[in-house]
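A short worksheet on the structure shown next.
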């Protein structure tokens, strides 16, 4: 079910404005699979960035491997640039506990030593369990713990939000 | 009945042991191959390690010696951040008369999480899987003539890498198939993945007629066997075959079944040549072919590490 | 002791009797079947309502080689629990039965237990080494009913021919396992299953080549030969032709080969490690047809008790064999039901027919063993043909708990449950006092 109070396209517009203000010629956008990756790709095109965009997956560094197993393998990391000394802006659709970000940062450091890593998200829904903070969030809101929020992409490229009830 | 459920799968149909490719659904084979693709990229990073098996103990139990296979399993486990303990049982307690199950019980008491087992008797890993503690996973690294599932999987990964689709391939497996666990695993994997034409090529003493019931075409003529093949898998010929009255000499074998450049020319122009190793140059394969442009023998080794990482991480994530 | 078995369905395959009748027993013999004298006052009455009263089973192959001491006690108790009142054991005990003194002692110990009559086969050659003959006259005097090599080969055909000639001089029977020594080294039957599982195979030729040799030697020497444990369709056909020719051969088949095939090996279940190995479906069908038409004379348990240490091993390393004394009756009934034979026809293969195979070797006992005859020995099995049970380690009295028919492996429901077994008019087993029956 789509939450009509959250217009993904409208929030994307705000994210684009915010990221636009943050970016420098050296900034490299890296999207977290899957929602963040879609956002980063569209941002990279809309902002006419000079650098290639990267995609990163948290699969290999997740801290819940023991309970959940390996899970989806479609998520792969693709970083077509030199990590050492890079200024990286991570993009994700939703940040909550912060554990995905922690895993992604560990994955990033397997490739080299970036100069800096920052985070911009579409939605910050709170409930942090780790000391992680985005420098920009298009929306801050609270949702019931049993509702999962994620980004969906229509066939024409438009973004919508999907909300799922978990048991 | 307890004895009838496939011992490799738990009640949810998830893989908890890898004992043989036979009986595994196509979806599980595909899952392993897809996961292996992810791990291949780990081998290219600066930090060639991921923490998936951190804190887990993987015991390499090799009742039959093999430095090559043991090394690749050790590398794979360490890249997953596991602790690896190597046990050359051939030299230790078993030769003092300790039974297989006593050895397993002792190791379980040392809190092993995974056993990688190679044994000279077909079926030994099944016995181990039946009797080890519930949370322990068993990986068969080769049992007698029966199965070598990780080799079968890496062979499939190799084929998929170069040929993309299995649906229209002709695959020829050449050599001592009756004694080969690699051949059996390859045959099961190829049939499960839908390869339409699989040929078993060799003399009658090494390629018996009842192999047909495994879904292969039996060819005793090499030219017929490799004609228009997309993939040629060469198997090692062991010396015991000559002393067991199955073959007169390595020389005569090479004349009939060796993969020479002339024989290779009968296959498809873009055919790939595979071999599980170690190769016997001049016995089953001509050096020029082994080192030639069709050969993918060395990439097989690289893929082997990624496939073993995939197997171990999938197993470790599933409960009994 | 005077015993009256009341109201049971009395089935005697040899005479064709099948009727509800009382059976009166005194001084170890059957005094009456049916018209029991009014003044017969039994010391004990057994109610056999709803049960079959049959001759005690005669098992032509049961090993008493043990795991552990006290094996004779547990195995003969197992026999009694299985309704077996006479059994033939092969000479491959430790030490082998090549000395009359060993035979005497074995028979003495068995007699003291009063559970089951024991008829040992003597070793054909000393130490079963296949080279020098044993003293067959003395061994027969001590109680041997024939001569055998167990699973051990004879050194060569010349020695085998001479051994057969010597035995036939005195009219002794030679019991032989038809397997060629150089072809029988595998651990499973040659075929698609062995190939798929990567197990070394025993080709059918191992049995047929050995049968051709043995049959030819019978032609030349006229020796009475009993062929032990046929396993293949080709083997059955060879025996059929030999009998048609009038040669003095008989044959048996084991409960395992009669019911199972190589597919039952499943995931390397070591309980299926047997010799002869389990062959294919068409072989099983031929064995079943051969047992029905009399080409195969007897069904045997091939009882071989094996301990965990020798079975909980990789398939090829496990010791071949399975427990069977307590399964013989049920598996005979199961085969009979599935082959649409009458109870009498099925029971014949484990009672009167085995006795016919033993022939003169039983002496006067042969006149009534395996049969229910007024004036004959009171070796009787009372069983409930309709009851079903499943095999689990605690339902077995044998020290050997490994059997392919274990509920966990096969889920086979076993028809027929023994209620009472009498040997020489003494109660050797009674289900009501058996803690393993529920």
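Residue numbers (the working numbering), protein chains in the order written: chain G, 102 to 268; chain H, 93 to 412; chain S, 9 to 446. Beta carbons are placed, not taken as given, at the ideal position from N, Cα and C, and that holds for glycine.
query: Quick one: give me the first and last residue of the alpha helix (DSSP H) that residue 119 of chain H is part of.; result: 118–134
query: Report the option in H:114, H:407, H:385, H:397 whose CA atom is closest to the CA atom of residue 165 of chain H.; result: H:397
query: Have a look at residue 101 of chain H and residue 107 of chain H and give me their C-alpha separation to the nearest angstrom.; result: 5 Å
query: In the DSSP assignment, what are the bridge partners of residue 248 of chain G?; result: G:266
query: Put residue 223 of chain H into one of helix, strand or coil per three-state DSSP.; result: helix
query: Along the alpha helix (DSSP H) that carries residue 423 of chain S, what are the first and last residues, could you check?; result: Segment 422–431 is the beta strand (DSSP E) holding residue 423 of chain S; no alpha helix (DSSP H) there.
query: With residue 60 of chain S and residue 19 of chain S assumed to form a contact (beta carbons below 8 Å), what rounded beta-carbon distance in angstroms separates them?; result: 6 Å
query: For residue 241 of chain G, report the span of its beta strand (DSSP E) as first-last.; result: 237–241
query: Do residue 318 of chain H and residue 264 of chain H have their beta-carbon atoms positioned less than 7 Å apart in this structure?; result: yes
query: Are the Cβ atoms of residue 240 of chain H and residue 273 of chain H separated by less than 7 Å?; result: yes
query: Could you tell me if residue 76 of chain S is buried or exposed, where buried requires 16 or more neighbouring beta carbons within 10 angstroms of its beta carbon?; result: Low local confidence applies: a pLDDT of 44 at residue 76 of chain S is under 50, so the model's placement there is unreliable, and no value is given.
query: Could you pull out every unbroken alpha helix (DSSP H) segment of at least 4 residues lying fully inside the region 184–233 of chain S, listed in chain order?; result: 200–205, 213–229
query: At a CB-CB cut-off below 8 Å, which residues of chain H make contact with residue 178 of chain G?; result: 133
query: Residue 397 of chain S to residue 404 of chain S, Cα distance in whole Å?; result: 11 Å
query: Determine the burial state of residue 426 of chain S: buried for a count of at least 16 other Cβ atoms within 10 Å of its Cβ, exposed for fewer.; result: buried
query: Using a Cβ cut-off of 7 Å, which residues of the region 184–213 of chain G contact any Cβ in chain H, in chain order?; result: 211, 212, 213
query: Counting C-beta neighbours from all protein chains within 10 Å, is the total for residue 184 of chain S 16 or more, i.e. buried, or is it exposed?; result: buried
query: With 7 Å as the limit, tell me which residues of the region 202–216 of chain H have their beta carbon closer than that to any beta carbon of chain S; keep them in chain order.; result: 211, 213, 214, 215, 216
query: Could you tell me if residue 157 of chain S is buried or exposed, where buried requires 16 or more neighbouring beta carbons within 10 angstroms of its beta carbon?; result: buried
query: In chain H, what lies closer than 8 Å to residue 182 of chain G by C-beta?; result: Those within 8 Å of residue 182 of chain G in chain H number zero; the least Cβ separation is about 14 Å.
query: Check whether chain S comes within 7 Å of residue 305 of chain H, counting only Cβ atoms and requiring the distance to be less than that.; result: yes
query: Taking Cβ to Cβ, would you say residue 378 of chain S is nearer than 7 Å to residue 99 of chain S?; result: no
query: Please list, in chain order, the chain S residues whose beta carbon lies closer than 9 Å to that of residue 238 of chain H.; result: 204, 205, 206, 207, 276
query: Mind listing the chain G neighbours of residue 410 of chain H? Cutoff is C-beta to C-beta under 7 Å, in chain order.; result: 170
query: Where DSSP assigns a beta bridge to residue 152 of chain H, which residues make up the other side?; result: H:178, H:208
query: Within 10 angstroms of the Cβ of residue 9 of chain S, are there 16 or more other Cβ atoms? Answer buried if so, exposed if not.; result: exposed
query: Considering just the uninterrupted stretch of the beta strand (DSSP E) at residue 224 of chain G, what are its terminal residues?; result: 217–225
query: If we define contact as Cβ-Cβ less than 7 Å, is residue 138 of chain H a contact residue for chain C?; result: No chain C appears in this structure, whose protein chains are G, H and S.
query: What first and last residue would you give for the alpha helix (DSSP H) that runs through residue 379 of chain H?; result: 379–382
query: Are residue 54 of chain S and residue 382 of chain S close, meaning C-beta to C-beta below 7 Å?; result: no
query: Measuring only the C-alpha atoms, how far is residue 294 of chain G from residue 199 of chain G?; result: Only positions 102 to 268 of chain G appear in this structure, which leaves residue 294 of chain G out of reach.
query: In terms of residue numbering, what span does the alpha helix (DSSP H) encompassing residue 145 of chain G cover?; result: 136–147
query: Starting from residue 228 of chain H, find everything on chain G with Cβ-Cβ shorter than 9 Å and list it in chain order.; result: What residue 228 of chain H touches in chain G: nothing, since even the nearest Cβ is about 15 Å away.
query: Is any beta-carbon of chain S found at less than 7 Å from that of residue 302 of chain H?; result: yes
query: Between residue 236 of chain G and the rest of its own chain, which residues show a CB-CB distance below 8 Å, the 5 nearest in sequence each way excluded?; result: 123, 219, 220, 221
query: Report the option in S:42, S:117, S:213 whose CA atom is closest to the CA atom of residue 25 of chain S.; result: S:42
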